[in-house]
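Here the working numbering is used: the first residue of the sequence shown is -16, the next is one more, and so on.
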Amino acid sequence: MKKVLQDHNSSQPLFMYMAFQNVHAPIQAPEKYIEKYEFIENKMRRVHAAMADIMDEAVGNITEAFKEAGLVV
-16 MKKVLQDHNS SQPLFMYMAF QNVHAPIQAP EKYIEKYEFI ENKMRRVHAA MADIMDEAVG
44 NITEAFKEAG LVV
């Protein structure tokens, strides 16, 4: 994705579709993300929170890639 953004001619339209189905089954996340939500008693909710955290991080990475490519005002 970064290469697409870096190579994109900014005078031309750009459409990117990012299908984030991260907070759907299977309900799983790396332990380092789950540990951040130990204060949530229900295990399933804790894992969902971790999954949402990962998705948020991915959106941040995409936003940063757009900025680096000079495609965000």
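Beta carbons: idealized from backbone N, C-alpha and C, even for Gly.
Closest to residue i by CA distance: which of the options is it?
i, options, result
"residue 1", "27, 8 and -16", "-16"
"residue 8", "41, -7, 27 and 44", "27"
"residue 42", "15, 4, 21 and -10", "4"
What number of angstroms, rounded off, separates the C-alpha of residue i from the C-alpha of residue j?
i, j, result
"residue 31", "residue 13", "11 Å"
"residue -3", "residue 24", "43 Å"
Just to confirm my understanding: we take residue i, look at its own chain, exclude 5 residues before and 5 after, and list those with CB closer than 8 Å. What are they?
i, result
"residue 6", "31, 34, 35 and 38"
Less than 7 Å between C-beta atoms, sequence neighbours within five positions excluded: which residues of the same chain meet that for residue i?
i, result
"residue -12", "48, 49, 52 and 54"
"residue -7", "53 and 54"
How would you call residue i, buried or exposed, if buried means at least 16 neighbouring beta carbons within 10 angstroms?
i, result
"residue 17", "buried"
Enumerate in chain order the residues of its own chain whose CB-to-CB distance from residue i is below 6 Å, with the five nearest sequence positions on each side excluded.
i, result
"residue 10", "30"
Check whether chain B comes within 8 Å of residue i, counting only Cβ atoms and requiring the distance to be less than that.
i, result
"residue -13", "Although the question refers to chain B, the structure presented lacks it and comprises just one protein chain."
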